[in-house]
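Per the numbering used here, the sequence shown starts with residue 25, numbered consecutively. For each residue, glycine too, the CB sits at the ideal point set by N, CA and C.
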Amino acid sequence: MNKEIISDKQGIILIILFIWGSALVLGTAGAALKDVWLAKILGILMALPVLMIYAKLLSMFEGKDIFDILNLAFGKIIGRIISLIYIWYALHIGALVLYTFSEFVSTIGLNETPKIVFMGMLMFLSTWAVKEGIEVLGRWAEILIVFLVFIIFMNLILSIPNMKINNLLPILENGVKPVIKGGFSAFSFPFAETVIFTMVFSCLKDKKSIFKTYISGLLLSGTVLVFIAARNIMVLGSYFMSTTYYSTYNAVEKINIGYFLQRLESAVSIVLLIAGFVQISISLLGASKGISKIFNFNDYRFIVTPTALILMNLAFLVSDDMMELTEWNLKVYPYYGFIFEVILPLLTFFICKIRYKKIITNINNG
């Protein structure tokens, strides 16, 4: 399989954009209402040890991805079965994001355009990016992150006149339970979804920096999401936040500086779409690499297109509408995601620790 290399900086940026993905569109931790910013902080803290386990797994076996590690830990048969489970998860994540963005674009302006048109365009771009390789995706993300961060922070600053600090008060009005529930939701979506990177991070230039890459990406992206969540609450209020699907977009719609600076939501839409594109591309890359490993292909690129078609068709099946998807994200996904994000990685980690010497011996002999 052709060796691809990305720098630590590019890895961090890809994690940032992946986490922003649909989390910027939908928001997370909705159960916490006005304390959503606290729930996101809790979600970050919950994700820290889990992401360190992901990093530890990759650092234990340099140059190996999760599919290789599963075969080493469980043997080829069980390892391939669990690999199939992770391939499903990568496809499902990609399909959920694709559906979310098709609904978003349809709602904000292209409601007469069939969803398949937008889905097809986005999947075409993602397929091209994945075929070009993660090196190209990393360089592209490294250039665009400057523009995206500028747009995000300019919108945060321009929202200040519309912010009402009272919308955040009183803190913990409904007690700690909603914050814990919201924190668990934020942990599962989007922070722990970075388990997908265990499928592609065998390509990091400095294998010893995997911890820095994972944790830096989590903290930087999470901090921005905390500020955006607090801004959205202060601008929209908890009631409006609970009735809208796209709180970030709606908060930016309120910006109107002297009737000169307004209608900035189009710029934010570009940020959202770019982040979503990266999330879909990484999911597609992970699924394609997994399939190629299961069937012992030398390169994953020739199966990217059929994998992309499977992902796009799955996007039509994941939900009937945004109401159903929102209910799924709040009530089902945290527990569904927990299997892929915590249970399987922890099980793999413990088995690798127990069998480490034997596994290393087999690698050296084989």
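Is it buried or exposed, Leu-196, if we count other Cβ atoms within 10 angstroms and call 16 or more buried?
exposed
Whole-angstrom Cβ separation of Thr-372 and Ile-93, contact assumed at under 8 Å?
Contact between Thr-372 and Ile-93 holds, with the beta-carbon distance rounding to 6 Å and staying under 8 Å.
Measuring alpha carbon to alpha carbon, tell me which residue in Lys-100, Leu-180, Leu-244 is nearest Trp-44.
Leu-244
What does DSSP give as the partner residue(s) for Leu-228 in the beta ladder?
For Leu-228, which the question treats as bridged, DSSP gives the partners Ile-30.
Measuring CB atoms only, is the region 171-186 touching the region 303-322, in the sense that at least three cross pairs come out at less than 8 Å?
no
Measure the Cβ-Cβ separation of Leu-288 and Ile-298 and say whether it is below 8 Å.
no
Tell me whether the beta-carbon of Ser-266 lies closer than 8 Å to the beta-carbon of Leu-57.
Taking 8 Å as the Cβ cut-off, Ser-266 and Leu-57 qualify as a contacting pair.
Assigned secondary structure, Glu-156 (DSSP; H/G/I helix, E/B strand, else coil)
helix
Val-74 lies in the alpha helix (DSSP H); which residues open and close that run?
60-84 is the span of the alpha helix (DSSP H), which, as asked, contains Val-74.
Can you tell me whether Ile-40 is buried or exposed, with buried defined as 16 or more other CB within 10 angstroms of its CB?
Around the Cβ of Ile-40, a 10 Å sphere holds 16 or more other Cβ atoms; the residue is buried.
Other residues of its chain near Gln-34: CB distance less than 6 Å, five sequence neighbours each side excluded:
Gly-162, Glu-166
Please go through the same chain and pick out, in chain order, the residues whose beta-carbon is closer than 8 Å to the beta-carbon of Val-224, but skip the five residues on each side of it.
Answer for Val-224: Asp-89, Ile-158, Ile-306, Leu-309, Gly-310, Lys-313, listed in chain order.
On the criterion of 16 or more Cβ atoms from any shown chain inside 10 Å, does Glu-127 qualify as buried, or is it exposed?
Glu-127 comes out buried.
Cα-Cα, which of Ile-102, Ser-150, Asn-95, Leu-120 is closest to Arg-325?
Ser-150
C-beta atoms of Asn-190 and Val-259 nearer than 8 Å:
no
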